[in-house]
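A.B. asks:
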Amino acid sequence: MSDIKKIGFMADSHDNLPAIRAAVERFNEEKVDLVIHAGDLVAPFTFKEMNKLNCPFEIVLGNNDGEVLGLFKVFKGKVHQPPFHLKIKNKSILVLHDPGILPEVLDKSSYDLIIYGHDHIASYKILADGTKILNPGECGGWLYGKRTIAIYNLENEKIGIIELPLNA
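Positions 1 to 168 (this note's numbering) are the ones given, in order, by the sequence shown.
Next up, the structure:
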């Protein structure tokens with residue numbers, strides 16, 4: 001994972017295939033090197049769209065991922081129970097779905113970047129200690145009528161939240 005320059009993040013796609021397709025197309029256009037889904041992909045049939053990514057991807061389970069065994073079977077080795085820890089270019093990254101455990105995580109550990117979903121609201125902030133906290137928002141657009149994803153450029157440390165078209 002040392003050659004990774006851009007990471008794409010998405011969450012809360014909730015089986016919305018056109019939204020997943022739009023996210024995958026944007027990630028491919030942006031030439032991301034890895035995509036991480038922060039939960040609530042939901043069903044195994046979404047694999048067909050996720051598999052169109054031109055890069056590897058990882059999925060963290062969310063509270064609505066009901067067909068867990070099916071997800072594990074179809075997405076072989078790419079599905080993780082939260083919290084999911086990974087290190088990329090000396091960056092310690094934590095991915096979870098429910099932000100309810102954030103206070104506990106922040107008290108006990110040191111991460112460069114924490115990704116979560118669940119509340120469907122895109123947000124990005126940097127804490128006083130430099131920890132970046134990102135919610136890429138809802139890719140599916142079902143709850144608030146906005147489809148959002150995020151891209152993290154590891155070379156310049158910038159994170160951008162991107163709104164996808166609703167008509168895609």
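Glycine is no exception: its CB is placed at the ideal position from the N, C-alpha and C atoms.
For the alpha helix (DSSP H) containing Lys-146, list its first residue and its last residue.
C.D. replies: Here the question's residue 146 lines up with position 146 in the sequence shown. That residue, Lys-146, is in no alpha helix (DSSP H); it is neither H nor E in DSSP.
A.B. asks: Between which two residues does the beta strand (DSSP E) harbouring Gly-8 extend?
C.D. replies: As a position in the sequence shown, residue 8 is number 8, starting the count at 1. Note, Gly-8: beta strand (DSSP E), 6-10.
A.B. asks: What separation, rounded to the nearest whole angstrom, lies between the Cα atoms of Asn-28 and Gly-62?
C.D. replies: As a position in the sequence shown, residue 28 is number 28, starting the count at 1. As a position in the sequence shown, residue 62 is number 62, starting the count at 1. Distance between the alpha carbons of Asn-28 and Gly-62 is about 24 Å.
A.B. asks: Between which two residues does the alpha helix (DSSP H) holding Leu-17 run?
C.D. replies: For the purposes of this step, residue 17 is taken as residue 17 along the sequence shown, with counting starting at 1. 17-29 is the extent of the alpha helix (DSSP H) around Leu-17.
A.B. asks: Specify whether the segment 19-28 and the segment 153-161 touch according to this definition: at least 3 beta carbon pairs, one from each stretch, less than 8 Å apart.
C.D. replies: no
A.B. asks: Out of Asn-16, Phe-9, Ala-43, which one is the CA nearest neighbour of Gly-145?
C.D. replies: On the sequence shown, residue 145 is found 145 positions in, with the first residue counted as 1. Answer by Cα proximity: Asn-16.
A.B. asks: Does the segment 110-119 come close enough to the segment 50-57 that 3 or more CB-CB pairs lie under 8 Å?
C.D. replies: no
A.B. asks: Going by CA-CA distance only, name the one from Lys-87, His-118, Asp-98, His-97 that's closest to Ser-110.
C.D. replies: By 1-based counting over the sequence shown, the position of residue 110 is 110. Among Lys-87, His-118, Asp-98, His-97, the Cα nearest to that of Ser-110 belongs to Lys-87.
A.B. asks: Which first and last residues belong to the alpha helix (DSSP H) in which Gly-70 is found?
C.D. replies: By 1-based counting over the sequence shown, the position of residue 70 is 70. Residues 68-74.
A.B. asks: I want to know whether the segment 75-86 touches the segment 124-132 - three or more CB-CB distances under 8 Å.
C.D. replies: no
A.B. asks: Which value, in whole angstroms, describes the spacing of the CA atoms of Pro-18 and Asp-12?
C.D. replies: Here residue 18 refers to the residue found at position 18 when the sequence shown is read from its first residue. Here residue 12 refers to the residue found at position 12 when the sequence shown is read from its first residue. Near 13 Å, if we compare the C-alpha coordinates of Asp-12 and Pro-18.
A.B. asks: For a test of the three-state rule: what should DSSP assign to Lys-91, helix, strand or coil?
C.D. replies: Here the question's residue 91 lines up with position 91 in the sequence shown. Here Lys-91 sits in strand by DSSP.
A.B. asks: Let me make sure I understand the geometry here. Which of His-85, Asn-90, Val-42 has the alpha-carbon closest to that of Ile-20?
C.D. replies: Position 20 of the sequence shown holds residue 20. Selected option, being the one with the closest Cα: Val-42.
A.B. asks: Give the straight-line distance between the Cα atoms of Lys-89 and Ile-159, rounded to the nearest whole angstrom.
C.D. replies: Translated into the one-based positions of the sequence shown, residue 89 becomes position 89. Translated into the one-based positions of the sequence shown, residue 159 becomes position 159. In a straight line, the C-alpha of Lys-89 is about 16 Å away from that of Ile-159.
A.B. asks: Going by DSSP, which residues form a beta bridge with Leu-164?
C.D. replies: Residue 164 sits at position 164 when you count from the first residue of the sequence shown. DSSP lists Arg-147 as the beta-bridge partner residues of Leu-164.
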